[in-house]
Structure formats: C-alpha cells, structure tokens
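Please read the structure below before turning to the comments.
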C-alpha cells in the first residue's frame, strides 16, 4: 500500500507541474448501464443554479435600482453618468462646490445597480467622485458587467469615468472569489494586484491560483501573471502566465486534478490539459494515473465549427463497464444539425482507427446516422418523452466482421414535484456484446428495459436509483445507486453497482 500511495503522490505532482489553462467537460455525465444518465440534466441544473445564486442584498440592489429608474423625471442618457443617490444618518451638501459628506449607515447607489456602503463617505457631484477612507462594502449588478461583492478599504471611485480602486479587497467577482492588495476598476476590465482567484469561498480556500497581476475582462478571459497554484497553504506549481476562458460559450474551467476510487482501477488521479493551437483547433492530453494500471493517458488534436467536430486521439480509453481499449490512433468525426425548421436533429458519425485489447489488434471502422425529435411534452409539462432512432455499421479487419443494423429507444420522464423525478424507457441495439469483437462502449444485450428515480434529500444531497432488465432473458441485469454530496468547495459522487458489487467514488474541487 505504501508503494501505491507513493506512486499516487508522484502522479499528483506530475499533474500539478503540467497544469496549463484547462477546459472541463460541458457538464456532468454519469457512467451507467441503467440509463440513469437521462437524469444528468438535474445535476447540471443544480450546478448552474448554485453558481448563479443571488444573495438577498444583490436582489435588493436590483429592486432599488429599478425603483430609482422608475422615479426619474426623464429617461437615463447612456452617454452621461448614471444618476446617484446618497443616503446617511448625517448629510452635508455644498451646492456651490458640489462637495457631499455623509456619516452613519452610508449608502451610495447608482441607477445602473452599483452600490457602496460604509460608515463615512465624501465626494463631489461636479467631479463625479466618491471617496471612502475606511472600510467599504461594494455591490455591482450593472447589466453587461461582472456581478461583484467586495469588502475592502480606501475606496476612490469616479462614477462618470467608471474607474476606481479599492485596497485590501476580498469578495466575489462573477463566479470567482477574489482577493487583492489593490483592485482597480475600468470600463473594460478589472485589475487585481498581488492577489488570487478561486472557486472556493472558504476563509482559507482549499485551492487557489495567485498572481502578481490578474486582469479580468468581463465575459472574455482572466489573465494571471506569475501564477502560483496552491492547495490549502502549499504551493504545488508556478508558471509565468495563465489564461482562463470565461466567455459565455466556454467550457467550465477545471484548474486542479480530479481524484477517485473504483474496485477495478484502484485510486486514480485525472487531469485534462489543453493548448489552443489556432482558431477552433487545440491540442490536449488527458493525464490519467491508476494505482492498478499506472499511467493510461490520452493525447490528441480536436477541431470544431458550426456543428462539426473532428479529432485524432491516441491512448487508453475506459467505458462505464471497466472495459479498456487502446487506440493507436483513431480519427473521429461527428456532425449534428437541425432539419430545417422541423423539431428534429440528425447526426452523422464516423470513426476509423487501430484498436487493440488483450492481444487483439484490429482496424476498427464505424459509420452511423441517427435522428432525434425534440423533447415531446405529453399532457401536463411534468411528462416528457425523449426518443431516437439510428443505423450503424461496424467493421473489423481482425475477423472481417461486419455488424450492421438499427438501434432505437424512447424514455419517459416525469417530475413528481421539485425534488423527485422518475424515468422509464426501452432500448434496442442490433450491435451488442454478443456479436461485437470488442466489448468497449457496446451494449451488453439487445433489448433493455430500464427505470429509475432521482430524489433530492437536501440542498446538498441527492440520490439516484436505476435498474435495467434484459427483456429477452427476463432478468434484472443491473442495479445502480448514486449519491451526490456537495461540500463547501468540492463535490463527492458515489456509485454502487449492486449486481456487480462494484464501487466508484469521484471527488472534484467545486465544479460549478
């Protein structure tokens, strides 16, 4: 065991030393033979809701700004500074000079949903400046700008130019917790000096990336110079430059490795690394270390544009049934689009490459086409149906096999309130393990009946049960249980496959 844990520590160190700007999968995806993945959208909705949660003071600011706008005598001129309201227990205003002073429960609010709070503030309405020498609290819900909640000191803000600064500032900017010795505000960016960013809101974050200089461009990117990667209070890696894509269509950022355990693989550490080579073209490596297999990495190039996706990949792949395959390499192309204005989506798929497993080497070729209607609502909105039909051809050079035929299926989903959702469905696949050369990513049997339920126990805990039956054999083949537990800065996902007595545990730093 000591040797295994030493190897695990080495893998973690290698992953940390190779950290570069990364992208994660588009969302959570479960490994299952009970089709519990049809409920993955629930987990992804929960993550989105948690990420975009608004506090009471943010909601109050939006209401106050709306009320201010409604009581203005004339519409707001976007070319001029947004109207301001200054409140306090004691107020002083010099109409001649424009100086204003407030003390005691001071609130300075703009009609574009920006607010400063303190015990004392001063400014000038003519120079359009606010100054707070002591402690200050800042809120920003301005349309087009990043949501901001900051506490700091020595604030100077020019609301006409929309520029300013705050010292010893700490809080949250959009989805990132931020600290900076000084933070400067500009119309097009936010600049953080001697600070850090993290997705973890703990007093001492479980993980963070610090930098001498951090530039935040709303809805575009975060640039970190002289970046250092921390786990708790330990530096695990340092690099000169680090970029995070925060554009609306960007994939979720994952800065640190994921860890987990399964019966078949032992303890594992995984990290995906990406490099942008050109527009829409990037190179990647999936670093994967298992105590039972050691390193089993995947390397590749990928390109995507307007519904098309192409990739060349080389390395080791594992499916949800613990089946492995080595691709040496393979080329994959997918295209999907809507059929005109019809509520249908079609997809074209191709894969060609060299597959290897357990002494079998074969040139594997797959052609496939599928058609799926949009989700069909039945009766009340709580009933929904997803369906698909497809045709595929799989050829292998090893045994000259040619497996072709249809696949089709339909799933009914029903919400029994906000916390309970159930599903039931049927799936047929002509290509399955009984007639395929490789077991990897292949249906276990031709005719499957499956059903299950998701139950949210608390705001941080959800369980899923799924069961699959072999219709032809009239037997239950799989029973899966999942437990999702949201911790403060991480998430734990546990899966138990009762029929196989198989456990899997996954842990990732805050994925939302």
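In the working numbering, the protein residues as written are 9 to 520.
For glycine and all other residues, C-beta sits at the position ideal for the given N, C-alpha and C.
Just to check my reading of the structure: residue i and residue j have Cβ atoms closer than 8 Å, yes? What is that Cβ distance to the nearest angstrom?
i           : j           : result
residue 167 : residue 136 : 5 Å
residue 480 : residue 454 : 7 Å
residue 297 : residue 276 : 6 Å
residue 130 : residue 147 : Actually they do not touch by this definition, with Cβ atoms about 20 Å apart.
residue 125 : residue 115 : 5 Å
residue 387 : residue 415 : Between residue 415 and residue 387 the Cβ distance is about 28 Å, and since that is not below 8 Å, they are no contact.
residue 221 : residue 251 : The pair is not a contact, with the Cβ atoms about 13 Å apart (cut-off 8 Å).
residue 484 : residue 444 : That belief does not hold up - the Cβ atoms of residue 484 and residue 444 are roughly 23 Å apart, past 8 Å.
Do you know how far the Cα of residue j is from the Cα of residue i?
i           : j           : result
residue 191 : residue 172 : 8 Å
residue 79  : residue 119 : 10 Å
residue 393 : residue 359 : 29 Å
residue 32  : residue 265 : No answer about residue 32 holds up, because its pLDDT of 34 lies below 50 and its placement is not dependable.
residue 495 : residue 515 : 10 Å
residue 30  : residue 112 : The predicted position of residue 30 is uncertain, since its pLDDT is 32 and thus under 50; a value taken from the coordinates is nonetheless stated next. Computed Cα separation, rounded: 46 Å.
residue 63  : residue 337 : 49 Å
residue 177 : residue 86  : 29 Å
residue 248 : residue 201 : 15 Å
residue 164 : residue 305 : 51 Å
residue 316 : residue 478 : 35 Å
residue 57  : residue 50  : 10 Å
residue 188 : residue 206 : 12 Å
residue 433 : residue 475 : 11 Å
residue 234 : residue 223 : 12 Å
residue 407 : residue 229 : 50 Å
residue 84  : residue 134 : 18 Å
residue 268 : residue 278 : 9 Å
residue 60  : residue 401 : 43 Å
residue 67  : residue 179 : 17 Å
residue 308 : residue 502 : 29 Å
residue 149 : residue 69  : 8 Å
residue 34  : residue 55  : Note that residue 34 scores 44 on pLDDT, short of 50, meaning its location in the model is unreliable; the coordinates nonetheless yield the value given after this. Going from the Cα of residue 34 to the Cα of residue 55 covers about 12 Å.
residue 505 : residue 299 : 21 Å
residue 255 : residue 364 : 39 Å
residue 353 : residue 362 : 30 Å
residue 74  : residue 91  : 12 Å
residue 329 : residue 350 : 36 Å
residue 507 : residue 374 : 31 Å
residue 152 : residue 195 : 10 Å
residue 99  : residue 109 : 6 Å
What is the DSSP secondary structure of residue i, counted as helix, strand or coil?
i           : result
residue 66  : helix
residue 32  : The pLDDT assigned to residue 32 is 34, lower than 50, so where the model puts this residue is not dependable, and the model offers no usable value.
residue 410 : strand
residue 190 : strand
residue 54  : helix
residue 154 : coil
residue 453 : coil
residue 121 : coil
residue 515 : strand
Would you say residue i lies against chain D (beta-carbon separation less than 9 Å)?
i          : result
residue 64 : Note that chain D does not occur in the displayed structure, where there is just one protein chain.
Whole runs of the beta strand (DSSP E) within the segment 459 to 500, excluding any shorter than 3 residues
469 to 478 and 483 to 494
Three-pair Cβ contact test at 8 Å for the segment 442 to 453 versus the segment 423 to 432
no
Counting only runs that start and end within the segment 78 to 119, where is the beta strand (DSSP E) found for 3 or more residues in a row?
92 to 95, 98 to 101 and 107 to 118
Check whether the segment 177 to 187 touches the segment 89 to 106, taking contact to mean three or more Cβ pairs, one atom from each stretch, closer than 8 Å.
no
So, does the segment 328 to 344 touch the segment 353 to 369, judging by three or more C-beta pairs under 8 Å?
yes
Give the list of continuous beta strand (DSSP E) stretches no shorter than 3 residues that lie fully inside the segment 227 to 299.
229 to 239, 242 to 253, 266 to 270, 274 to 286 and 289 to 298
Can you find at least 3 beta carbon pairs, one from the segment 276 to 287 and one from the segment 197 to 215, that sit closer than 8 Å?
no
Pairing CB atoms from the segment 39 to 50 with CB atoms from the segment 459 to 469, are three or more of them under 8 Å?
yes
With a cut-off of 8 Å, do at least 3 Cβ pairs link the segment 398 to 407 to the segment 370 to 381?
yes
Could you pull out every unbroken beta strand (DSSP E) segment of at least 3 residues lying fully inside the segment 297 to 361, listed in chain order?
306 to 313, 316 to 326 and 332 to 346
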